[in-house]
Each structure stands twice: as structure tokens, then as C-alpha cells.
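Student: Take 255 as the starting number for the sequence shown in the working numbering and just add one per residue.
Where a beta carbon is used, it is the ideal one built from N, C-alpha and C, also for glycine.
Attaching a single structure in C-alpha cells format; questions to follow.
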Amino acid sequence: MLTVVGMGPSGLHLMTPAARDAVERAEALVGGKRHLQQFPTFRGETFALGANVSALLDWIASRQDKHVVILASGDPLFYGIGTRMVAHFGIARVRIIPGISAVQYLCAQAGIDMNEMWLTSSHGRSVNFDELARHNKVAMVTDGLCGPKDIAAQLVARGKGQRWMVIGENLAMENERIHWLPVSEVSADYEMNAVVILDER
Numbered sequence: 255m256l257t258v259v260g261m262g263p264s265g266l267h268l269m270t271p272a273a274r275d276a277v278e279r280a281e282a283l284v285g286g287k288r289h290l291q292q293f294p295t296f297r298g299e300t301f302a303l304g305a306n307v308s309a310l311l312d313w314i315a316s317r318q319d320k321h322v323v324i325l326a327s328g329d330p331l332f333y334g335i336g337t338r339m340v341a342h343f344g345i346a347r348v349r350i351i352p353g354i355s356a357v358q359y360l361c362a363q364a365g366i367d368m369n370e371m372w373l374t375s376s377h378g379r380s381v382n383f384d385e386l387a388r389h390n391k392v393a394m395v396t397d398g399l400c401g402p403k404d405i406a407a408q409l410v411a412r413g414k415g416q417r418w419m420v421i422g423e424n425l426a427m428e429n430e431r432i433h434w435l436p437v438s439e440v441s442a443d444y445e446m447n448a449v450v451i452l453d454e455r
């Protein structure tokens, strides 16, 4: 059995009871190093996930008789590992336990409704900035290669510098910060973040 659980933006406190229960029942646990460190008493097999997804697929295939749980940041199906697992093994063999995405968390903290919001990601993928600029309300998960400063520069180049960018930095951590800035004023580097772009505040 293969289960992918969403851990939420950070730590254990935003995990659902169903997700915690799945981890308690797991015989093998997969996750990034920071995810695995959240479960220091786990005594089963572990697999530290990095860019080695092909190796992970082989590792899981050889453990079909075990209950394998994959720990996913945020929500597994919002630009997460859950999508890859379903595509490879099929939904009949994969159980997904959703989690709170960084975007959901940021919107809740900033009081931004998610109605009619266009959801996308710059994490490990190229962004269609022309498409992004067409929408009045956009939420994105980002990475170090294309973060708020890069996104803002692309929007300014398309005449959208007057929009607002809400930057959620280190969400759900002790050093969480949420910044509201006009797109034209976004010039700093930010740590782990998600952003919301609004036509008006």
C-alpha cells in the first residue's frame, strides 16, 4: 500500500489526524531530510528524497507488500509528489491524504479569499508570464530560481508594476513574515516562500 500525506507548510502542527495516523501505521517512510527529522522515533525503513525520484519509484516497487508513506510538503497534489505517484502507480494503488498548501496557508494568514484565483508554480518549471499577467488574482509556489523578485521583474516588463504582491516567507515557521508590496517595489531576496499577486489591495 502506498500513501502520500500532506504535511502542510511546515512541521507537524498543521498535519491532519488522518495524515498522522498514516505515519504511525507506516512500515517505510519517504521524505526530504527535514520531513524525516520530524519523526525521530520512527523505526521502519526510510528513504531520503531529493532529486532521486527514479530511484524512489524502484524502491517503492520492490516494497509492494509494505505500507509505504511518502511525506509531502504542503498538499501532495498541488505541484507535489502525489501527482507523480498517481501517474506512475495509478490511483487504484495510491492513497492521497491532502494537506494544507502554502498558498492556502498564506491566504488564510493574509485574509485573501481564494475565489477565482489562478494557481500555478515556478518551482522547478518555466512560467508563462504572459498568461500570468492576464489574471487579476494569482497564487504561486516558488523556488530559488524564480522567486518574487524575478516574478515582479517580469510583471513590470508587462506593465503590471502597479499590482500588489503578497509574499509569505518561511510560512508556519517561527520566523514567518508576510510582506505586502507593490510589484514595482519587490527587489529583495526572500527565503522559502509563496506569493499572491492581486490587481488591487
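On the CB-based measure, 16 or more other CB atoms within 10 Å of its CB, does aspartate 275 come out buried or exposed?
Tutor: For the purposes of this step, residue 275 is identified with residue 21 of the sequence shown, where counting begins at 1. The residue is exposed, with fewer than 16 neighbouring Cβ atoms inside 10 Å.
Student: May I have a chain-ordered list of the alpha helix (DSSP H) segments no shorter than 4 residues that lie completely inside the stretch 336–391?
Tutor: 356–364 and 383–388
Student: So who's on the other strand from tryptophan 434, going by DSSP bridges?
Tutor: As a position in the sequence shown, residue 434 is number 180, starting the count at 1. DSSP lists Val420 as partners of tryptophan 434.
Student: Would you call the stretch 445–453 and the stretch 281–289 touching, i.e. three or more CB-CB distances under 8 Å?
Tutor: Counting Cβ pairs under 8 Å, fewer than three are found: no touch.
Student: Using 8 Å as the cut-off, can you tell me whether the stretch 255–270 makes contact with the stretch 330–350, which would need three or more C-beta pairs spanning the two stretches below that distance?
Tutor: yes
Student: Using CA atoms only, rank isn't needed, just tell me which of Leu311, Val357 and Ile366 is closest to valine 340.
Tutor: Position 86 of the sequence shown, counted from the first residue, corresponds to residue 340. Comparing Cα positions, the closest option is Leu311.
Student: Any contact of the stretch 425–442 with the stretch 350–367, i.e. 3+ C-beta pairs under 8 Å?
Tutor: yes
Student: Taking only runs of the alpha helix (DSSP H) that begin and end inside the stretch 272–296, which ones reach a length of at least 4 residues, in chain order?
Tutor: 287–290
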